[in-house]
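Okay, structure first, notes after.
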Amino acid sequence: MSEDLEILRHSTAHVMAAAVLDLFPGTVIGIGPATDEGFYYDFGFKERLLPEQLPKIEARMREIIKAALPFTKEELPRTDAVALFERLHQPLKVELIADKVIDATARIYRTGDFVDLCLGPHVANAGLLGAFRNNSTPT
Numbered sequence: 245m246s247e248d249l250e251i252l253r254h255s256t257a258h259v260m261a262a263a264v265l266d267l268f269p270g271t272v273i274g275i276g277p278a279t280d281e282g283f284y285y286d287f288g289f290k291e292r293l294l295p296e297q298l299p300k301i302e303a304r305m306r307e308i309i310k311a312a313l314p315f316t317k318e319e320l321p322r323t324d325a326v327a328l329f330e331r332l333h334q335p336l337k338v339e340l341i342a343d344k345v346i347d348a349t350a351r352i353y354r355t356g357d358f359v360d361l362c363l364g365p366h367v368a369n370a371g372l373l374g375a376f377r378n379n380s381t382p383t
């Protein structure tokens, strides 16, 4: 996969996570990488996600893309990053910081209200993302 395609797919994964958190508050997020087939995100939903809920997620993603929300990168001291994700009730991100962040700083990306621990890079704004389709739900 080319670097450009990986950036597009990974940025789209962030938009999906932002949409999911908007629609299903309290969802715990894991990782969301680009893959050869597209992208995915690991979610811990409070209730089981149903296939008929996918169109709602896609619609919210399209709203975020239409709004062309910027992707902004920030470097935070490790302790501040832990505190941020504790406030956001994202325990998997706190674990990732403990396990994977070896430097004194952690990199995060913001897209609107969505915040994720991420090395990036991303597109400049969500408006640069093209067509997508969510085609699977958790088992």
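Residue 245 is where the sequence shown starts when you use this note's numbering, and the numbers rise one by one after that. We put the CB at the ideal spot given by N, CA and C, even for glycine.
Item, Value
"Check for me: the alpha helix (DSSP H) holding D248 runs from which residue to which?", "247-267"
"Run through DSSP, which three-state label would D360 get?", "strand"
"Give the single residue among F376, A368, R304, I251 whose Cα lies nearest to the Cα of T316.", "A368"
"What three-state label does DSSP hand F329 in the structure shown?", "helix"
"Measuring straight from C-alpha to C-alpha, what distance separates M245 and T279?", "8 Å"
"Alpha carbons only, please: which of L298, R253, L293, E291 is nearest the one belonging to G276?", "R253"
"Determine whether the beta carbon atoms of L388 and A257 lie at a separation below 7 Å.", "Outside the shown range of the chain, which is 245 to 383, sits residue 388, and nothing can be said about it."
"Relative to the alpha-carbon of L332, which residue among Y284, V259, V272, L372 has its alpha-carbon at the smallest distance?", "V272"
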